[in-house]
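Written below as structure tokens is the structure these notes are about.
Number of protein chains: 2
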Amino acid sequence: MSWEENVRKVTPYVPGEQPKRKDIIKLNTNECPYPPSKKVREALLAANADELRLYPDPDALELRESLAQAYGVKKEQIFVGVGSDDVLAMAFQTFFNSSKPILFPDITYSFYEVWADLFRIPFQIQPLDENFHIRAQDYRKENGGIIFPNPNAPTGVCEPLSLIEEIVRENPDSVVIVDEAYIDFGGMSALPLTEKYDNLLIVQTFSKSRALAGMRIGFAIGNEKLISYLSDVKFSFNSYTMNRLVLTAGKACVEDQDYFKLCTGKIKVTRERVKESLRKLGFSFPDSYGNFLFVTHKEIPAKELFEALKAEGIYVRYFNRPRTDNYLRITVGTDEEMDTLLEFLKNYRNR
Amino acid sequence: MSWEENVRKVTPYVPGEQPKRKDIIKLNTNECPYPPSKKVREALLAANADELRLYPDPDALELRESLAQAYGVKKEQIFVGVGSDDVLAMAFQTFFNSSKPILFPDITYSFYEVWADLFRIPFQIQPLDENFHIRAQDYRKENGGIIFPNPNAPTGVCEPLSLIEEIVRENPDSVVIVDEAYIDFGGMSALPLTEKYDNLLIVQTFSKSRALAGMRIGFAIGNEKLISYLSDVKFSFNSYTMNRLVLTAGKACVEDQDYFKLCTGKIKVTRERVKESLRKLGFSFPDSYGNFLFVTHKEIPAKELFEALKAEGIYVRYFNRPRTDNYLRITVGTDEEMDTLLEFLKNYRNR
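For the record, the sequence lines run as chains C and X. Our numbering puts the first residue of the first sequence at 5, with every later residue one more than the last. Our numbering puts the first residue of the second sequence at 5, with every later residue one more than the last.
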């Protein structure tokens with residue numbers, strides 16, 4: 005016997021590569037290709053470094069107030085965390101606390117399974133249909149909670165609000181979490197449904213549409229009771245997770261809605277253009293509502309293309325998992341980056 | 005039945021007040037009274053805000069390398085987190101994974117009990133002796149892990165390395181965590197013992213001696229195997245907890261060892277002077293090795309004094325718990341702040 009017998013052993017999640025090289029085209033982690041709002045830089049430069057000796061506001065009040073205003077809800081309906089991973093991990097621990105299995109799709113954000121294992125939450129995987137869509141009837145069974153991303157990752161498929169409402173309505177005894185990390189690129193947020201259903205939690209992030217992946221800010225919106233349960237668990241874990249500069253940057257970022265609209269608008273235009281070009285090159289893909297495309301080619305194996313792109317300094321994401329092992333997830337970058345990618349793909353096909 | 009039945013209900017930890025008023029003397033959360041190193045401000049000003057669109061380095065490599073160099077260990081022996089609360093919470097989940105109870109003192113950092121409850125870890129509380137010291141024999145029984153702060157909080161009592169070594173040596177089947185949040189104010193770190201014992205984990209923080217409470221940085225040092233288990237759990241929880249500006253500020257801070265020594269030196273000198281003045285005013289206290297004093301008065305009840313100080317705009321900490329409900333924890337502030345405090349106490353006694 006040794007101390008090692010008492011150690012929790014886990015299979016850690018492997019995040020997308022963050023290469024130190026700066027000369028690559030980085031289309032592998034769905035970051036925003038544009039810098040954050042100038043207001044963020046101004047707010048950070050105006051921050052008083054001497055005050056960093058003091059703890060931050062554990063309630064993150066100013067940031068929550070800005071978010072409440074932006075989304076037309078009360079500040080008591082807002083929870084913030086260290087990226088949406090932190091928010092989701094807290095939500096798993098808070099709301100998925102029964103012995104019944106939680107339900108989520110087979111093709112989805114791979115962290116759900118990792119958290120379920122880590123927190124010893126039983127789960128049952130529900131296969132998407134052949135077009136990567138959720139079937140509402142799969143979520144019509146006894147469960148300890150439900151979670152899915154909308155738009156889904158890594159497929160980009162977006163479900164209509166009617167389907168989400170059906171699932172939420174039919175599961176009044178479970179909390180349903182809709183992970184809307186990619187909602188700002190054209191999907192319809194389920195936020196309005198939170199007024200009608202007290203078992204619906206929406207989770208969003210600053211890492212994609214708000215160009216602040218480097219600052220780590222995620223948030224949840226739901227009815228006040230849900231949010232207060234979530235806050236209680238967070239406060240028993242670590243009271244001060246949002247540092248002073250995060251609070252400063254986050255607030256400035258939310259308040260610049262014009263830039264937010266400009267950025268997400270540009271990305272959508274680029275995405276639609278790239279869809280057309282990819283189709284012409286023989287690629288097919290579900291119609292993505294995210295800032296990425298999930299593509300497969302009738303002739304070129306995904307893994308081969310992944311390696312060829314990497315050799316060229318173009319990083320995309322390849323998931324070697326059932327049903328998706330012939331797909332690549334490609335982040336929508338700047339127009340220039342996408343043109344370089346398209347040019348390479350054209351030549352590769354004709355090589 | 006409703007979704008609320010599946011919710012984890014916890015009694016949240018209540019952190020020390022963070023009043024919004026700026027005209028108070030804040031001696032309630034053991035922050036450093038001096039600003040962080042100027043190098044921190046310079047590094048933050050030099051940071052490129054445009055790069056905040058990109059995820060931070062999940063390995064926090066540069067920060068870990070700076071810490072490794074400062075403490076003379078390998079970078080593989082360093083784990084970093086969002087304050088020592090994050091590091092400790094991860095360590096509880098990683099190392100206290102048996103059905104046997106973990107052991108910690110009755111008077112100690114109140115989060116230990118909160119985490120044990122949250123993570124459903126059984127625990128057995130070991131009373132300190134009448135002088136608030138740990139008795140090594142209390143930790144000579146079957147257990148699933150051991151944790152204590154050294155110096156202890158909120159008492160300030162520091163144990164000699166011989167006692168720590170005895171506990172670590174006698175418990176080869178458990179991980180022993182020494183929470184050294186306050187070690188830089190005069191105590192002897194157990195760090196050298198990590199070379200000899202692979203079951204010893206040291207946890208420290210940037211929030212006290214390094215004047216960066218507002219940035220949230222904590223770290224652990226131990227043998228490579230311990231650190232790798234801890235990292236695996238962290239990576240399955242949230243890969244990107246340390247944001248770009250935290251990594252920048254943390255590195256600059258660690259590299260300015262001169263300022264660190266100057267600051268902690270000044271605080272120690274002030275503390276010793278205040279001890280003498282408090283004794284003359286009829287206060288008694290364990291001999292503190294922290295940046296705070298844990299005081300009781302033979303005539304004035306602690307709760308009464310706490311309220312009187314607060315009314316005067318001087319915030320200290322009062323813990324209404326068994327054995328410590330007639331004590332106040334007073335952070336060591338600047339000389340000027342302590343003089344104001346002492347003057348008030350003198351007048352209060354003579355009122």
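Here a beta-carbon is modelled for each residue, glycine too, at the ideal position from N, C-alpha and C.
Taking just the CA atoms, how far does residue j sit from residue i?
| i | j | result |
| --- | --- | --- |
| X/F287 | X/N135 | 15 Å |
| X/D262 | X/D343 | 27 Å |
| X/E311 | X/G337 | 19 Å |
| X/E163 | X/L132 | 12 Å |
| C/A53 | C/N247 | 12 Å |
| C/I187 | C/I271 | 13 Å |
| X/K229 | C/V273 | 49 Å |
| X/L65 | X/L346 | 45 Å |
| C/N330 | C/P290 | 13 Å |
| X/Y143 | X/P176 | 12 Å |
| X/T335 | X/Y17 | 20 Å |
| X/K104 | X/I138 | 21 Å |
| X/P23 | C/S281 | 57 Å |
| C/Y75 | C/W119 | 28 Å |
| X/E174 | X/F264 | 35 Å |
| C/Q184 | X/L234 | The sequence shown places Glu at residue 184 of chain C, not Gln. Distance between the alpha carbons of C/E184 and X/L234: 30 Å. |
| X/A47 | X/A253 | 6 Å |
| X/F127 | X/E316 | 40 Å |
| X/Q365 | C/V14 | Coverage of chain X is limited to positions 5 through 355, which leaves residue 365 of chain X absent and any answer about it impossible. |
| X/V161 | X/R45 | 34 Å |
| C/P19 | C/D90 | 15 Å |
Of the choices the options, whose alpha-carbon is the least far from that of residue i?
| i | options | result |
| --- | --- | --- |
| X/F99 | X/N52, X/Q130, X/I151 and X/Y75 | X/I151 |
| X/T198 | X/L332, X/E174, X/V77 and X/L107 | X/V77 |
| X/G148 | C/K350, C/E9, C/L205 and C/N330 | C/E9 |
| C/S243 | X/A72, X/A50, X/C36 and X/L92 | X/L92 |
| C/D121 | X/V237, X/P126 and X/V258 | X/V237 |
| C/R220 | X/L58, X/V299, X/Y38 and X/V18 | X/L58 |
| C/Q130 | C/S41, C/I225, C/K145 and C/S281 | C/K145 |
| C/V278 | C/F83, C/E341 and C/C267 | C/E341 |
| X/I225 | X/E169, X/P23, X/T15 and X/L71 | X/L71 |
| C/T300 | C/A253, C/G294 and C/T328 | C/T328 |
| X/K212 | X/P62, X/G87, X/A74 and X/T15 | X/G87 |
| C/R333 | C/E316, C/S292 and C/Y352 | C/S292 |
| C/N351 | C/V180, C/L285, C/E174 and C/V179 | C/L285 |
| X/R12 | X/E80, X/F123, X/S232 and X/S102 | X/F123 |
| C/T245 | C/W7, C/E276, C/V84 and C/Q128 | C/V84 |
| X/S102 | X/V179, X/E117, X/W7 and X/D89 | X/V179 |
| X/A95 | C/S6, C/K79 and C/F241 | C/F241 |
| X/P60 | C/E21, C/Y319, C/S6 and C/D61 | C/E21 |
| C/A37 | C/M192, C/T268, C/L67 and C/L165 | In the sequence as displayed, the identity of residue 37 of chain C is Pro instead of Ala. Nearest of C/M192, C/T268, C/L67 and C/L165 to C/P37, Cα basis: C/T268. |
| C/R355 | C/N227, C/Q73, C/E303 and C/K314 | C/E303 |
| C/E69 | C/V258, C/A315 and C/R275 | C/V258 |
Using DSSP bridges, identify the partner residues of residue i.
| i | result |
| --- | --- |
| X/T300 | X/S288 |
| X/K314 | X/K314 pairs with nothing; no bridge assigned. |
| C/Y319 | C/K30 |
| C/A224 | C/F83 and C/V207 |
| C/P153 | C/D183 |
| X/F108 | X/I129 |
| C/L332 | C/V299 and C/Y322 |
Pop quiz: residue i and residue j are said to be a contact at Cβ under 8 Å. What is the actual Cβ separation, rounded to whole angstroms?
| i | j | result |
| --- | --- | --- |
| C/N239 | C/N34 | Going by the sequence as given, residue 239 of chain C is Phe instead of Asn. The Cβ separation is near 30 Å, so there is no contact. |
| X/I171 | X/A140 | 6 Å |
| X/K43 | X/A256 | 4 Å |
| X/G222 | X/Q208 | 7 Å |
| X/L249 | C/L49 | With a Cβ gap of about 12 Å, X/L249 and C/L49 do not count as contacting. |
| C/I106 | C/I125 | 6 Å |
| X/I181 | X/L195 | Contact flag wrong, Cβ pair sits at about 13 Å. |
| C/L165 | C/M192 | 5 Å |
With respect to 7 Å, is the separation between the Cβ of residue i and the closest non-hydrogen atom of the ligand FAD below this value?
| i | result |
| --- | --- |
| C/A224 | Of the ligands one can find in the structure shown there are none, so the ligand FAD has no counterpart to examine. |
Give a yes or no on contact between the region 306-315 of chain X and the region 323-330 of chain X, applying the rule of three or more CB pairs nearer than 8 Å. The region 306-315 of chain X and the region 323-330 of chain X touch, with no fewer than 3 CB-CB distances between them shorter than 8 Å.
Counting pairs of Cβ atoms below 8 Å between the region 29-44 of chain C and the region 202-212 of chain X, do you hit three or more? With the cut-off at 8 Å, the region 29-44 of chain C and the region 202-212 of chain X do not touch.
Say whether the region 152-159 of chain X touches the region 103-120 of chain X, bearing in mind that this needs 3 or more beta-carbon pairs closer than 8 Å, one atom from each stretch. They touch, by the three-pair rule.
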